[in-house]
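Line by line, the protein sequences give chains E and L. Residue numbers for the first sequence follow the numbering used here, beginning at 1 and rising by one. Residue numbers for the second sequence follow the numbering used here, beginning at 194 and rising by one. All C-beta atoms, glycine included, are put in the ideal place defined by N, C-alpha and C. Note sheet for the following structure.
Protein chains: 2
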Amino acid sequence: MTAKTKKQIVIEAAAKLFSDKGYSAASMRELAGRVGLEQASSLYNHIKSKEAALQEICFENAQKFTDGITTIESNISDPGEQIRALINLHIQVATNDITSVTVFNDEWRHLSEPQLSEFLALRKDYEERFKEIINKGIKTGTFKNINPTVALHTILSALKWIHYWYKTGRDSDLEIVKKDIMLLLMSGLSSND
Amino acid sequence: MTAKTKKQIVIEAAAKLFSDKGYSAASMRELAGRVGLEQASSLYNHIKSKEAALQEICFENAQKFTDGITTIESNISDPGEQIRALINLHIQVATNDITSVTVFNDEWRHLSEPQLSEFLALRKDYEERFKEIINKGIKTGTFKNINPTVALHTILSALKWIHYWYKTGRDSDLEIVKKDIMLLLMSGLSSND
DNA sequence: CCTACCGATCGGTAGG
DNA sequence: CCTACCGATCGGTAGG
């Protein structure tokens with residue numbers, strides 16, 4: 001449990017600020033104020049640039065998802081259980097550091113090249129591996145014969161609201177949310193019995 | 194079929210620009226260029242301000258959803274069919290004017306008061322009415338006993354990826370997308386037979 | 001629709 | 001970490 005470096009404090013405050021205002025509307029002067037510095041120029045002792053902060057946030061979160069899916073691929077073989085584990089991964093990452101994942105979700109497009117292409121390649125790789133699991137489930141008869149691309153994006157998109165929920169309402173328990181998202185995505189809204 | 198006014202052309206180009214770069218990163222100079230004006234100042238003959246363009250886009254789309262749910266409430270009574278109609282409404286609105294609904298989804302937070310509160314009230318109203326339908330379905334046994342807030346946001350969020358799909362891949366037919374989103378949300382990923 | 005222009009604010013650097 | 005500062009760009013106005 002080492003103390004946070006000032007750089008870490010700045011990056012975390014940047015994530016919060018980018019999440020509050022959006023990357024473009026966030027100013028380095030406001031960021032300075034939020035970490036107790038009088039001058040924006042002082043920030044440059046801790047980070048290289050505004051975009052460097054964005055890069056760090058985006059790639060750190062990409063790493064979490066890549067690591068997560070790698071673990072799931074190696075340790076679980078049933079596609080149904082793999083999807084459940086992936087849903088759990090998304091909920092876990094989102095609730096563990098909500099502001100950071102919000103920036104990862106919504107602000108990555110402000111990356112400039114070559115980081116933008118690098119980021120999109122990581123995302124593409126993740127999506128392909130996720131889709132491969134869906135494909136396997138369809139082939140083995142575990143899943144319905146749904147277009148895998150449609151299923152992939154519907155599920156990924158459904159998992160994104162978690163960060164919205166966590167920021168605002170939070171009127172329900174995390175365990176209920178987890179259970180019900182999983183139920184809805186795996187078995188649907190309609191009652192069958 | 195009257196000709197588009199220059200104002201309409203400007204608003205549509207603004208929607209595209211806001212969707213491409215985000216509201217804050219979009220400049221009036223670039224907007225002018227996109228509609229064939231040499232000077233940003235010329236834009237102000239057609240719109241009052243940058244934010245006025247955003248307001249128009251956001252409230253126009255809010256209206257579409259409000260009108261849609263009103264029609265569904267009056268003409269359909271079965272909650273299962275109502276949810277199917279709502280899913281269809283979201284897909285219809287998104288595919289009919291994809292850039293406009295993207296701005297509506299992602300850029301509303303740049304509205305300033307009092308429009309921001311007004312917009313959020315409209316959204317809240319829509320969500321409450323959507324949730325009421327879910328509640329009714331649960332009470333009548335048509336739907337599973339899922340937390341209605343969780344179901345609401347999971348479904349709404351799942352429907353948002355349609356604008357992402359429409360912009361990028363579009364490797365599958367709209368009818369397949371519609372059918373499979375509906376199947377996934379109503380009956381889930383798992384095969385039951 | 002253009003010319004001319006303005007005050008405000010931006011991200012960032014030099015130097016200590 | 002601050003002082004001092006810079007060039008660029010921003011949304012918008014006045015006037016024709």
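Secondary structure of residue i, DSSP reduced to three states
i: Ser190/E; result: strand
i: Ala196/L; result: coil
i: Ala218/L; result: coil
i: Ser234/L; result: helix
i: Leu377/L; result: helix
i: Ile387/L; result: The question about residue 387/L has no answer, for chain L in this structure spans 194 to 386.
i: Ser157/E; result: helix
i: Leu174/E; result: helix
i: Leu282/L; result: helix
Alpha carbon of residue i to alpha carbon of residue j, nearest angstrom
i: Leu183/E; j: Val294/L; result: 29 Å
i: Glu300/L; j: Phe130/E; result: 29 Å
i: Asp193/E; j: Glu249/L; result: Because Asp193/E carries a pLDDT of 45, less than 50, the predicted location of this residue cannot be relied on, and the following value inherits that uncertainty. Distance between the alpha carbons of Asp193/E and Glu249/L is about 46 Å.
i: Val103/E; j: Gly22/E; result: 8 Å
i: Asn105/E; j: Ile240/L; result: 32 Å
i: Phe18/E; j: Ala151/E; result: 30 Å
i: Lys197/L; j: Tyr357/L; result: 27 Å
i: Ser220/L; j: Ser242/L; result: 12 Å
i: Pro148/E; j: Ile369/L; result: 11 Å
i: Met186/E; j: Ser380/L; result: 8 Å
i: Lys371/L; j: Ile355/L; result: 9 Å
i: Tyr44/E; j: Gln232/L; result: 36 Å
i: Cys58/E; j: Asn268/L; result: 46 Å
i: Lys199/L; j: Glu205/L; result: 10 Å
i: Asp366/L; j: Ser350/L; result: 21 Å
i: Pro307/L; j: Ile348/L; result: 29 Å
i: Leu189/E; j: Ser24/E; result: 39 Å
i: Glu60/E; j: Ala207/L; result: 33 Å
i: Ile146/E; j: Thr71/E; result: 26 Å
i: Glu30/E; j: Glu266/L; result: 46 Å
i: Arg302/L; j: Arg109/E; result: 17 Å
i: Lys337/L; j: Lys317/L; result: 24 Å
i: Asp213/L; j: Leu309/L; result: 22 Å
Contacting residues, own chain, Cβ-Cβ under 7 Å from residue i (five flanking each side not counted)
i: Ile9/E; result: Val35
i: Glu320/L; result: Leu345
i: Lys160/E; result: Asn105
i: Ser191/E; result: none
Alpha helix (DSSP H) segment containing residue i, residue limits
i: Leu98/E; result: Looking at the sequence provided, one finds Ile at residue 98/E rather than Leu. From DSSP, the alpha helix (DSSP H) with Ile98/E extends over Ile98 to Asp106.
i: Val203/L; result: Lys199 to Lys214
i: Ile146/E; result: Note, Ile146/E: premise wrong, no alpha helix (DSSP H); not H, not E.
i: Lys316/L; result: Note that residue 316/L corresponds to Arg in the displayed sequence, not to Lys. Looking at the DSSP string, the run of the alpha helix (DSSP H) that includes Arg316/L is Gln308 to Lys332.
i: Arg222/L; result: Met221 to Arg227
i: Ile250/L; result: Lys243 to Asn268
Sequence-distant residues of its chain with Cβ nearer than 6 Å to residue i (five each side left out)
i: Ile133/E; result: Pro79 and Gln82
i: Thr142/E; result: Pro79 and Gly80
Close beta carbons around residue i, own chain, < 8 Å, minus the five adjacent residues each side
i: Ser42/E; result: Ala32
i: Ile181/E; result: Ile87, Ile91, Ala158, Leu159 and Ile162
i: Ile69/E; result: Leu86, Leu89, Tyr126, Arg129 and Phe130
i: Leu304/L; result: Glu244, Leu247, Gln248, Cys251 and Phe312
i: Arg277/L; result: Met375 and Met379
i: Lys209/L; result: Arg227 and Thr292
heavy atom of the ligand MG below 7 Å from residue i C-beta
i: Ser242/L; result: Ligands displayed in this structure: none; no statement on the ligand MG is therefore possible.
Taking 8 Å as the cut-off, does the region 248 to 259 of chain L touch the region 286 to 301 of chain L (at least 3 CB pairs, one atom from each stretch)?
yes
Assess contact between the region 74 to 84 of chain E and the region 138 to 147 of chain E, defined as three or more Cβ pairs (one per stretch) separated by less than 8 Å. Is contact present?
Taking 8 Å as the limit for Cβ pairs, the verdict is that the region 138 to 147 of chain E does touch the region 74 to 84 of chain E.
**Message:** Check whether the region 111 to 124 of chain E and the region 217 to 228 of chain L touch, using three or more Cβ-Cβ pairs below 8 Å as the test.
**Reply:** no
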